[in-house]
Amino acid sequence: MQKKENDKFDENKYSMDTHIIYGKNISSKWDYSHHVTAPISSSTTFRLDSVERGSQGFERFANTQIFGDDAPIFIYDRLGEPNKDLLEENLAYVERGEMAVTFATGMGAISAVLGITTKSGDEIIAHHTLYGCTISLLNNWYPRYNINVKYIDLQNPENLLSALTEKTKVIYFETPANPNLDIIDIQKVTDVVAEINKSRDEKNQILTIVDNTFSTPYCQRPIEFGVDFVVHSLTKGIGGFGTDMGGVVIGKKKYKDTLLLYRKDFGAVLSPKSAWAILTYGLPSLALRTKTQIRSALEIAQFLSLHEKIEFVNYPGLKSYKYYDIAQKQMRNFDGDFAPGTLIYFVIKGNSPAESKEKGSKFMDYIADHAYTMNLAVSLGHTRTLIEHPASMTHSVIPPEKLGESGIDAGGVRLAIGLEKVEDIIYDLNEALKII
Amino acid sequence: MKKKDLMKFSTKAVHIGQNHDGITGAVIPPIYMTSTYANQKFGKHQNYSYGRSQNLNRSQLEENIASLEEGKFGLAFSSGVAAIHSLSALMNQGDHIIVSDNVYGGTFRLFDKVIAKSNIEFSWIDFNKKNLLENSIKKNTRIVFIETPTNPMLNLIDIKEVSSVCKRNNLLLIVDNTFMTPYFQRPLTLGADIVIHSSTKYLNGHSDVIGGLLVLNDEENFRKLKFLQNSVGAVPSPFDCWLVQRALKTLPLRMERHNSNAMKIAKYLEQHPKIKKVFYPGLKNNPYYKLAKNQMYGFGGVVTVESDNDGTMKKFFRKIKLFTLAESLGGVESLVNHPATMSHSAMTEEQRLKLGIKKTTVRISVGIEDIDDLIKDLENALK
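So the protein sequences, as listed, match chains A and B.
Each residue of the first sequence is one higher than the last, beginning at 1 in this note's numbering.
Each residue of the second sequence is one higher than the last, beginning at 437 in this note's numbering.
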């Protein structure tokens, strides 16, 4: 193999908007040489030149701490193949992590990072507002493993002090949180944890994990604020087109081998075809798409906040939002400009929660039937604007009487902004608001 | 002798052009989805410069089909008619071309309505009429284009015989081999100069790709065709090439099954009181049976029948369940087609009747389903 000089890559000379297109320019993982676009890896198995090379491959697998990960010996797709490797390099790079390991879905990534950081008898502390399926994972499965999960309000990081025990191993949260866009001060959380870790030995360090799906690295890079792991559903903003599922764990190099081992044994591998789509379409267009979506989101949030039929609007870019200052501090794009994200949460007015919920469903059904620019559908970070009702859809795992504890309103609506012309989205929202 | 010359058909179908990726060792070649290629330096590239001109998946497919047809060069196109259209690279104004009179409707349309405009003259003749070919040859005749078996009546043309006439008169013989595929018939070995395929049919076989292929031995003609392929740009996508290449690996398996299912269906329908005639070259009483045994290694998966009356035909289409009423053929799923109103509707009724296509004619593309299920379905539809 001809060794390629990577002399064009200069981290300081170019901006991240450019880096997300090129990654590190030339990868040691796959010299697809002069093809400008990476080929799609389409082989489940790889030819080994000799038995010796085969055994070398197995020896080196998930042993990057010793052998490095520059020129991998590919053996079998579930262990690793070039498309995933290329994508992982670029994802680690944009999130400011040392390494990334991809998974078949966001939940594949979340269960993997929790799988390698906790064991029976440990405790996880999580913010009380989380994606419904993450709650389902923690509530339905972790009791079986004898792992206790404590939900607290992390918006006040001081709450950690009273919740922490000797058994606490992981602090887990989303910011902005799904669906109501609670914002947690990442730096404050990591400061509190760092202080506690001082009195713990190396093995018992508390690790922080942030699900950064809502922000994408374009709006926020939690590793810069000291968190240990970032997880993503690549299906959302990073994938960006709603065509492929995927997940990723990004963090320090020393965890890579365990994550690879976990992925091999539990089998939630990302399909190379999906990895290729995210690598070729998703990541390179992330800056362009997100920039447009943020601009639209701000206008829509302003429109909704002034509407008489809306009780309140949560959007990190609104000055009236109670977490505006924290958002200002930590949600910044690659150039350092304020990047308050592409999601909006709002609640429709009603004289009672029941009336509010009823009006909410009427509003959503009208959109499902009449709106051209919006789809009543779960997911987010799509080219199309998606609207959903968390209480009955993404967060239906939470019993109605407990919705309040998770900060979710019965009549709350989550709006994930797409790439349509903003005036058209506002037109459709306005029409739907007229009928309630 | 090269290694690939020693391989038998099924082995070639799996291996030719399928060298493992040199860098990663990937046993199955990657899909090279790229439109352009970086030059190493000014004026220097690695044989690949732009996706319309070259693509690795396309080269692999071209190499594979060439070896299956026992030819030297293969070319891939975005459809069967695009492959046929590329033949215009070998035609000049004022040329005369002789075509078998019952070729596929799309070929007829392309020649008659498009290529004829370039002042190229066509004669449509019945190749089974004695001496008609010889008598149709003019001073300016350059090309003979035939399809065997024909669509939908499954008449056969003796390729060797036509080829000897062509050789005596210095004419280029082109054979559309879509119905048989190289597994059952290899026209180049019988004296043809160029073989044409709609890979949409049996070669891809899963009804999910539109494509065309062309194979030949002559290098000068290859260059001319390749030049046109690049100039016109009717090239298949890398992903489509990869899919067809994948399908070719099971071509022998599928063709065996198509063949045995079709044979059983032909025999079943032959004795059915509501079926007047069955056209299938594998039936011993078929007028082309002997020729079929001579130039083909099997009889294919298409069976054409004539029912006793209009009512039976209409009821048949209404009641048939497993067989889908649709255009095309050669897929793993069984299809039925009504030539008079579908595949051959572009012809006048008079033209159709001349070829033997009646209102009661039904073309069956037999798939690879379980034969008992297929016969049960036919039985029910004919009740």
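Each residue gets a CB set at the ideal place from its N, CA and C atoms; glycine is no exception.
Looking at residue i: is its Cβ nearer than 8 Å to the Cβ of residue j?
i              : j              : result
A112 (chain A) : Y262 (chain A) : yes
G510 (chain B) : L661 (chain B) : no
V601 (chain B) : E505 (chain B) : no
K169 (chain A) : I206 (chain A) : yes
F229 (chain A) : G251 (chain A) : yes
L286 (chain A) : G237 (chain A) : yes
I579 (chain B) : L546 (chain B) : no
L415 (chain A) : H307 (chain A) : no
M469 (chain B) : F675 (chain B) : yes
Q731 (chain B) : L626 (chain B) : yes
K84 (chain A)  : T102 (chain A) : yes
A62 (chain A)  : L260 (chain A) : yes
Could you list which residues in chain E have their beta carbon closer than 7 Å to that of residue i, in chain order?
i              : result
I464 (chain B) : Of the protein chains in this structure, namely A and B, none is chain E.
Under the rule that 16 or more other beta-carbon atoms within 10 Å means buried, what is residue i, buried or exposed?
i              : result
E412 (chain B) : This structure cannot settle anything about residue 412 (chain B), because the visible part of chain B is limited to 437 through 819.
A552 (chain B) : exposed
S27 (chain A)  : buried
S471 (chain B) : exposed
S779 (chain B) : buried
P775 (chain B) : buried
Q65 (chain A)  : exposed
Measure the C-alpha to C-alpha separation of residue i and residue j and round it to an integer number of angstroms.
i              : j              : result
F658 (chain B) : A698 (chain B) : 36 Å
L568 (chain B) : T543 (chain B) : 21 Å
L380 (chain A) : K357 (chain A) : 22 Å
M1 (chain A)   : T460 (chain B) : Note that M1 (chain A) scores 36 on pLDDT, short of 50, meaning its location in the model is unreliable and no value can be drawn from it.
Q681 (chain B) : G641 (chain B) : 11 Å
K637 (chain B) : F615 (chain B) : 8 Å
A817 (chain B) : L376 (chain A) : 44 Å
D211 (chain A) : F225 (chain A) : 14 Å
H19 (chain A)  : A275 (chain A) : 18 Å
Q476 (chain B) : D17 (chain A)  : 26 Å
Y324 (chain A) : N156 (chain A) : 15 Å
K757 (chain B) : R788 (chain B) : 27 Å
S643 (chain B) : A683 (chain B) : 11 Å
E392 (chain B) : L771 (chain B) : Summary: the structure shown does not reach residue 392 (chain B), with chain B confined to residues 437 through 819, and so no result is reported for it.
K812 (chain B) : G766 (chain B) : 21 Å
M99 (chain A)  : F312 (chain A) : 40 Å
H382 (chain A) : T796 (chain B) : 52 Å
I294 (chain A) : R332 (chain A) : 12 Å
P717 (chain B) : K575 (chain B) : 35 Å
V517 (chain B) : E597 (chain B) : 26 Å
W440 (chain A) : V227 (chain A) : Since the first residue of chain A shown is 1 and the last is 436, residue 440 (chain A) is not available in this structure.
T118 (chain A) : I147 (chain A) : 8 Å
S15 (chain A)  : T290 (chain A) : 16 Å
D182 (chain A) : M364 (chain A) : 23 Å
E123 (chain A) : G115 (chain A) : 12 Å
M589 (chain B) : P688 (chain B) : 24 Å
I348 (chain A) : K359 (chain A) : 7 Å
I556 (chain B) : T577 (chain B) : 10 Å
Does any C-beta atom of chain B lie closer than 8 Å to the C-beta of residue i?
i              : result
D31 (chain A)  : yes
P82 (chain A)  : yes
P39 (chain A)  : yes
L87 (chain A)  : no
F74 (chain A)  : yes
M1 (chain A)   : For M1 (chain A), the predicted model reports a pLDDT of 36, less than 50, meaning its position is unreliable; a value from the coordinates is still stated below. For M1 (chain A), the answer is yes, since a Cβ of chain B falls inside 8 Å of its Cβ.
I78 (chain A)  : Here residue 78 (chain A) turns out to be Arg, not Ile, going by the sequence shown. No - not a single Cβ of chain B is within 8 Å of the one on R78 (chain A).
R221 (chain A) : no
L181 (chain A) : no
R47 (chain A)  : yes
V36 (chain A)  : yes
Closest Cβ-Cβ distance between residue i and chain A: below 8 Å?
i              : result
G461 (chain B) : yes
M437 (chain B) : Low confidence applies to M437 (chain B): its pLDDT is 43, below 50, so where it sits in the model is not reliable, and the reading given next is rough at best. With 8 Å as the cut-off, M437 (chain B) does not count as an interface residue toward chain A.
W560 (chain B) : no
Residues of the stretch 464-478 of chain B whose Cβ lies closer than 9 Å to any Cβ of chain A, in chain order = From the stretch 464-478 of chain B, only I464, P465, P466, I467, Y468, M469, T470, S471, T472, Y473, A474, N475 and Q476 have a Cβ closer than 9 Å to chain A.
Contact list for the stretch 444-458 of chain B against chain A, Cβ threshold 9 Å | Taking 9 Å as the Cβ-Cβ cut-off, the stretch 444-458 of chain B approaches chain A at H456, D457 and G458, given in chain order.
Select from the stretch 260-290 of chain A all residues with a C-beta closer than 8 Å to any C-beta belonging to chain B, and list them in chain order.
-> Here the close residues are W276 and T280.
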